[in-house]
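Enquirer:
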Amino acid sequence: MDKLLDRFLNYVSFDTQSKPNVKHTPSTDGQLKLAQALRNELTELGFSQVTLSDKGCVMATLPGNVAWKVPVIGFISHLDTAPDFTAKHVNPQIVENYRGGDIALGNGDEILSPVMFPVLHQLLGHTIITTDGKTLLGSDDKSGIAEIITAMVRLKNSNIAHGPVRIAFTPDEEIGKGAQSFDIPAFGAEWAYTVDGGGVGELEFENFNAASATIKIVGNNVHPGSAKGVMINALSLATRFHHELPVEETPEHTDGYEGFYHLTTIKGNVERAEMHYIIRDFDKTQFEARKQKIIDIAHVVGKGLHRDCYIEVTLDDHYYNMRDKVAQHPHIIALAQQAMKDCDIEPIMKPIRGGTDGAQLSFRGLPCPNIFTGGYNFHGKHEFVTLEGMEKAVSVIMRIAELTAKEALKH
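Residues 1 to 411 in UniProt numbering are what the sequence shown lists, from first letter to last.
This is the structure we're talking about:
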């Protein structure tokens, strides 16, 4: 497979889990170690303009091999894995010619079951790379990195006509910070694709509007035996606050274009409590209404509190829906659709119930839809990817580069 699998297995051996609430980028040393390894690999492979920024972003160029002018396009994946689940000592399992049924992860305490994950029924005969049940896999997004580099190597060693292609590997995508320091002028592409999606055929140019909410509650603690009229229990206020939110508007009750409130952490005691939410919605008006609801609930729950007790709300926007920005460049989507069809893949147009670096980059002037990697169940111990899906992503990347050159020749 032209080192595709070897590359992927090498990359997942790096612990690149990002860390929220860290002021520097990249947020963890492991990301920088992988970035340095990628810089060295790309240099050894003979790519040009190989750079590594002080923020941990790797860039390189595959020069064009045609005489006519072709737009510079780009492909982008991220170095980090999600903070949601441990990424230390990833130990991948390779299941060749999957025959159906449960897959034991590691010693079998955990299983990957088609009962819980019905997509496995569609993957009979495939080579499936899983975790050992103790860590996430890191297919999000090291499969994307392996696919991009493999595609560039194959293009470099082929007679396929293509223009100049820029590639980049970014830090801290999972915590929404990597794209902030991405040098778009230095990248120099007219448009790009993040290779950061899931199942084969996914093509996405809509994503959530995203914000976080931190609710700090200050109460008053006294001995419970003499608490009447004096104690203000911060944990009780936190519980009241949460119960004011619509019970059906949570991740476990929503799909498609439905937004949600998601309580990610709650901690504290009688004196003080703190809650963290993420807020998501595709529609900008509804997104703003969700943020306002958080503020309104704080007023309701905090009404009548003693002046030394209070509820403090901090809202931070992370990224916005890139749909309007990418839709201004319909040929970018059409190109990816055609590339998939040419590779016998039916494009699946669906909204991203999350975000990618492409969302921020699109708002900063680099339109950047998202294409599949062949991976599933990201951010947890049931994460897996198929080698066949990764191969198909490589083929689509190569075909996009080829079609871009052919379209340029027509014009």
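By construction, the Cβ of each residue, glycine as well, lies at the ideal position given by its N, Cα and C atoms.
#1: What do you get for Gln36, buried or exposed, if any count of 16 or more other CB atoms within 10 angstroms of its CB means buried?
#2: Say whether the segment 174 to 181 touches the segment 357 to 365, bearing in mind that this needs 3 or more beta-carbon pairs closer than 8 Å, one atom from each stretch.
#3: Would you say the beta carbon of Ala189 is closer than 7 Å to some non-hydrogen atom of the ligand SAH?
#4: Would you kindly check if the distance between the Cβ of Thr214 and the Cβ of residue 417 is under 8 Å?
#5: Starting from the Cα of Lys379, find the closest Cα among Met59, Lys69, Thr81, Asn10 and give me that residue.
#6: What residue range does the alpha helix (DSSP H) around Val301 cover?
#7: Tell me, please, which residues DSSP counts as bridged to Gln17.
#8: Helix or strand or just coil, what does DSSP make of Gln49?
#9: Pick out whichever of Ile128, Pro83, Asp84 has its Cα sitting closest to the Cα of Asn97.
#10: Based on Cα-Cα distance, which residue from Phe85, Gln49, Ser362 lies nearest to Lys134?
#11: Could you name the residues of the same chain whose beta carbon sits closer than 8 Å to that of Thr25, not counting the 5 residues immediately before and after it, in chain order?
#12: If the criterion is Cβ atoms closer than 8 Å, does the pair His242 and Thr250 meet it?
#13: For Thr386 and Arg364, I'd like the C-alpha separation in whole angstroms.
#14: Round the Cβ separation of Leu9 and Pro92 to the nearest angstrom and send it over; I've been treating them as touching at under 8 Å.
#15: Output the boundary residues of the alpha helix (DSSP H) element that contains Gln337.
#16: Taking 8 Å as the limit between beta carbons, can you name the residues of its chain near Gly100, skipping five residues before and five after?
#17: Compare the Cα-Cα distances from His126 to each of Asn221, Lys392, Leu305, Ile371 and report the closest residue.
#18: Are the CB atoms of Lys381 and Leu136 within a distance shorter than 8 Å?
#19: Going by beta carbon distance, what residues of the same chain come within less than 6 Å of Glu388, once the five residues before and after it are set aside?
#20: Check whether the segment 205 to 219 and the segment 298 to 314 are in contact - that is, three or more C-beta pairs closer than 8 Å.
#21: Give me the residue from Gly219, His223, Leu245, Pro224 with the minimum Cα distance to Leu235.
#22: Just to confirm my understanding: we take Ala240, look at its own chain, exclude 5 residues before and 5 after, and list those with CB closer than 7 Å. What are they?
#23: Use the C-beta contact count for Arg399: other C-beta atoms within 10 angstroms, 16 or more gives buried, fewer gives exposed.
#24: Report yes if the CB atom of Asn157 is closer than 8 Å to the CB atom of Tyr320, and no otherwise.
#25: Give the single residue among Asn21, Asp6, Val394, Leu52 whose Cα lies nearest to the Cα of Asp183.
#26: Could you name the residues that DSSP lists as bridge partners for Asp281?
#27: Which ranges does the beta strand (DSSP E) cover as unbroken runs of at least 3 residues, wholly within the segment 335 to 411, from first to last along the chain?
#28: In the DSSP assignment, find the unbroken alpha helix (DSSP H) run with Gln36 in it and report its ends.
#29: DSSP on His121, reduced to helix/strand/coil?
#30: Cutting at 7 Å between CB atoms, please list the residues of its own chain near Ser143, excluding the five before and the five after it.
#31: Residues in the same chain with beta-carbon distance under 8 Å from Pro246, minus the five sequence neighbours each way, listed in chain order, please.
#32: On the DSSP bridge list, what partners appear for Ile232?
#33: I need the DSSP call for Lys3, collapsed to helix, strand or coil.
#34: Can the beta-carbon of Gly74 be found less than 8 Å from the beta-carbon of Ala189?
#35: How is Tyr98 classed by DSSP in three states: helix, strand or coil?
#36: At what residues does the alpha helix (DSSP H) containing Glu147 begin and finish?
Expert: On the basis of the supplied data:
#1: Locating residue 36 in the sequence shown gives position 36, where the first residue counts as 1. Exposed, since its Cβ has fewer than 16 Cβ neighbours within 10 Å.
#2: yes
#3: In the structure on display, the ligand SAH does not appear, and there are no ligands present to speak of.
#4: This structure does not reach residue 417, given that the chain is present from 1 up to 411, and the question cannot be answered.
#5: Here residue 379 is taken as the residue at index 379 of the sequence shown, counted from 1. The amino acid at residue 379 is misidentified as Lys; the sequence shows His. Here the closest residue by C-alpha is Thr81.
#6: If you number the sequence shown from 1, residue 301 lands on position 301. Run containing Val301: 284 to 302, per the alpha helix (DSSP H) assignment.
#7: Taking the first residue of the sequence shown as 1, we reach residue 17 at position 17. Bridge partners of Gln17: Thr81.
#8: Translated into positions along the sequence shown, residue 49 becomes position 49. Strand.
#9: Here the question's residue 97 lines up with position 97 in the sequence shown. Measuring from the Cα of Asn97, the nearest candidate turns out to be Ile128.
#10: As a working note, residue 134 is residue 134 in the sequence shown. If we check each option's Cα against that of Lys134, Phe85 comes out closest.
#11: Position 25 of the sequence shown, counted from the first residue, corresponds to residue 25. The residues are Lys55, Gly56, Pro171, Asp172, Lys177, Gly178, Gln180, Ser181.
#12: Counted from its first residue, the sequence shown places residue 242 at position 242. Counted from its first residue, the sequence shown places residue 250 at position 250. Against a cut-off of 8 Å, the Cβ pair of Thr250 and His242 comes out as no contact.
#13: Residue mapping note: residue 386 aligns to position 386 of the sequence shown, counting from 1. Residue mapping note: residue 364 aligns to position 364 of the sequence shown, counting from 1. Distance between the alpha carbons of Thr386 and Arg364 is about 33 Å.
#14: As a working mapping, residue 9 is identified with position 9 in the sequence shown. As a working mapping, residue 92 is identified with position 92 in the sequence shown. That pair is a contact at about 6 Å.
#15: The count along the sequence shown starts at 1 and reaches residue 337 at position 337. Start and end: 330 to 342.
#16: By 1-based counting over the sequence shown, the position of residue 100 is 100. Contacts found: Pro114, Leu120, His121, Leu124.
#17: For the purposes of this step, residue 126 is taken as the residue at position 126 of the sequence shown. The candidate whose alpha carbon is nearest that of His126 is Lys392.
#18: Taking the first residue of the sequence shown as position 1, residue 136 is located at position 136. Taking the first residue of the sequence shown as position 1, residue 381 is located at position 381. A contact, by the Cβ cut-off of 8 Å.
#19: Reading the sequence shown from its first residue, position 388 is the one you call residue 388. The residues are His126.
#20: yes
#21: The sequence position of residue 235 within the sequence shown is 235, counting from 1. If we check each option's Cα against that of Leu235, Gly219 comes out closest.
#22: Counting from 1 along the sequence shown, the entry for residue 240 is found at position 240. For the sequence presented, residue 240 should be read as Arg rather than Ala. So the qualifying residues of the chain are Val301.
#23: In the sequence shown, counting from the first residue as 1, residue 399 sits at position 399. Per the 10 Å Cβ criterion, buried.
#24: Along the sequence shown, one-based indexing puts residue 157 at 157. Along the sequence shown, one-based indexing puts residue 320 at 320. Against a cut-off of 8 Å, the Cβ pair of Tyr320 and Asn157 comes out as no contact.
#25: As a working mapping, residue 183 is identified with position 183 in the sequence shown. Measuring from the Cα of Asp183, the nearest candidate turns out to be Leu52.
#26: Your numbering for residue 281 matches position 281 in the sequence shown. DSSP output for Asp281 lists Asn209 as bridge partner(s).
#27: 384 to 386
#28: Sequence index remark: in the sequence shown, residue 36 carries index 36 (1-based). Segment 29 to 44, the alpha helix (DSSP H) holding Gln36.
#29: Working through the sequence shown from its first residue, we reach residue 121 at position 121. His121: helix per DSSP, three-state reduction.
#30: Here residue 143 refers to the residue found at position 143 of the sequence shown. Once the five neighbours on either side are set aside, the close Cβ partners of Ser143 are Phe8, Thr373, Gly374, Gly375, Val385, Met390.
#31: Here residue 246 corresponds to residue number 246 of the sequence shown, with the count starting at 1. The residues are Tyr261.
#32: Translated into positions along the sequence shown, residue 232 becomes position 232. For Ile232, which the question treats as bridged, DSSP gives the partners Asn220.
#33: Counted from its first residue, the sequence shown places residue 3 at position 3. Looking at Lys3 - three-state DSSP - the assignment turns out to be coil, as it is neither helix nor strand.
#34: Numbered from its first residue, the sequence shown carries residue 74 at position 74. Numbered from its first residue, the sequence shown carries residue 189 at position 189. Their beta carbons are under 8 Å apart, which means Gly74 touches Ala189 by this criterion.
#35: For the purposes of this step, residue 98 is taken as the residue at position 98 of the sequence shown. Tyr98: coil per DSSP, three-state reduction.
#36: To locate residue 147, count along the sequence shown from 1; it is residue 147. Note, Glu147: alpha helix (DSSP H), 139 to 156.
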